[in-house]
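Counting in this note's numbering, the sequence shown runs from 84 upward without gaps.
All C-beta atoms, glycine included, are put in the ideal place defined by N, C-alpha and C.
Take a look at the structure set out below.
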Amino acid sequence: MAIPLLEYAPSTQNQRVPGYVQPGEEQPKIFSTENLLSSSDMNNLIEAAYRQIFFHAFAADREPFLESQLRNGQITVRDFIRGLLLSDTYKKSFYNLNSNYRFVEQCVQRVLGRDVYSEREKIAWSIVVATKGIKGFVDQLLDSDEYLDNFGYDIVPYQRRRILPSSAQGERPFNIQSPRYNEYYRAKLGFPQIIWQNVTRSYKPQDKLPKAGDPANFLSMAQGINAQGNPPQRISPQNIDIEKSVPYRQLATTGTR
């Protein structure tokens, strides 16, 4: 017998605040298969789905079979999101490197487009992960009324109402709130790393660089020459014999016949 989902009280968050939103640069762009006009629009929709679930997808992380099915209309956007959540990349990058509580938090943020309400909601969904596995947990998220009411079958999930018109600063993006690796695995993998740069680099325009034959090109060579002159002699004046030291001319004597 499956354990029913525990009840939890929703808290007041931005996405639960009703109000008229004037579209602007801060509002997220909605990607849906209902308003596709060209193949490039489908490419943008697929990239938006990868950014929402993986944050970034390398060539090895992509799912070409799911992409082909979505392009041909064999599956919906909701099925494409389900395939990304059940892919090996998502399991290796999120499920295997986090606890059930943190995994639930990341999935709720990426799938439902909001932050978790409380610790009780984490516990409730963690029980679903422990009893039904990842597939049962993902299916229950995608089959929930909250997901279907906000995204349906054709809209890529997004962070809902991240910025309110009356707020000076909006909520942080989910990829910053809950990064892929927690503190334990970040320390285990050796990042973040802080590297101090001791050498200050300067930039000179091309027209101000020394030309061929410029003496500045030979400055380092001249500085490398260890030229040493003869040091002056240090003689005390008391030890100088003036009569012997001062040169004088001797007159030559001529003989007589």
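{"query": "Three-pair Cβ contact test at 8 Å for the segment 151 to 162 versus the segment 183 to 191", "result": "no"}
{"query": "Nonlocal neighbours in the same chain, by C-beta distance under 6 Å from Trp208, ignoring five residues either side", "result": "Val187"}
{"query": "Neighbourhood of Tyr230 by C-beta, 7 Å cutoff - its chain only, sequence neighbours within 5 removed", "result": "Val194, Leu195 and Leu224"}
{"query": "Rounded separation between Tyr184 and Asp162 - CA only", "result": "24 Å"}
{"query": "Option nearest Ser170 by Cα separation, candidates Ser201, Asp198 and Tyr133", "result": "Tyr133"}
{"query": "N- and C-terminal bounds of the alpha helix (DSSP H) containing Leu153", "result": "Pro147 to Arg154"}
{"query": "Distance CB(Val212)-CB(Arg165) smaller than 8 Å", "result": "no"}
{"query": "Reduced DSSP category for Ser121 - H, G, I as helix; E, B as strand; rest coil", "result": "coil"}
{"query": "Reduced DSSP secondary structure (H/G/I, E/B, other) of Ile308", "result": "coil"}
{"query": "Check: Thr116 C-beta below 7 Å from any heavy atom of the ligand COA", "result": "This structure simply doesn't include the ligand COA, nor any ligand for that matter."}
{"query": "Proximity of Phe114 and Asn127 at Cβ, strictly below 8 Å", "result": "yes"}
{"query": "DSSP state of Ile164 mapped onto helix, strand, coil", "result": "helix"}
{"query": "Supposed close pair Ile94, Ser201 - CB separation, criterion 8 Å", "result": "In the sequence as displayed, the identity of residue 94 is Ser instead of Ile. Their Cβ separation, rounded to whole angstroms, is 6 Å, which keeps Ser94 and Ser201 in contact under 8 Å."}
{"query": "Three-way DSSP call (helix, strand, coil) for Asp324 in this model", "result": "coil"}
{"query": "Distance between Ala140 and Asn181 (C-alpha atoms, nearest Å)", "result": "19 Å"}
{"query": "Through-space distance from Gly307 to Asn322, alpha-carbon basis", "result": "40 Å"}
{"query": "Strand pairing of Ser115, partner residues [DSSP]", "result": "Ile238"}
{"query": "Cα-Cα separation, Gln152 to Ile206", "result": "35 Å"}
{"query": "Counted within 10 angstroms of its Cβ, other Cβ atoms place Asp226 as buried (16 or more) or exposed", "result": "exposed"}
{"query": "Presumed contact (8 Å Cβ cut-off) between Tyr241 and Val160, rounded CB distance", "result": "Actually they are not in contact, since the Cβ atoms of Tyr241 and Val160 sit about 12 Å apart, beyond 8 Å."}
{"query": "Cβ pair Arg34, Arg197 closer than 8 Å", "result": "Residue 34 lies beyond the residue range present for the chain, which begins at 84 and ends at 340; the question has no answer from this structure."}
{"query": "Inter-residue CB distance, Asp144 and Phe138 (contact presumed, cutoff 8 Å)", "result": "Not quite, the Cβ-Cβ distance comes to about 11 Å (not below 8 Å), so this is no contact."}
{"query": "Span separating the alpha-carbon of Gln96 from that of Ile238", "result": "22 Å"}
{"query": "Selection from Asn309, Leu302, Gln289 and Glu204 that minimises the alpha carbon distance to Leu88", "result": "Glu204"}
{"query": "DSSP three-state assignment for Lys294, whether helix, strand or coil", "result": "coil"}
{"query": "Rounded straight-line distance, which links the Cα of Lys218 to that of Tyr178", "result": "12 Å"}
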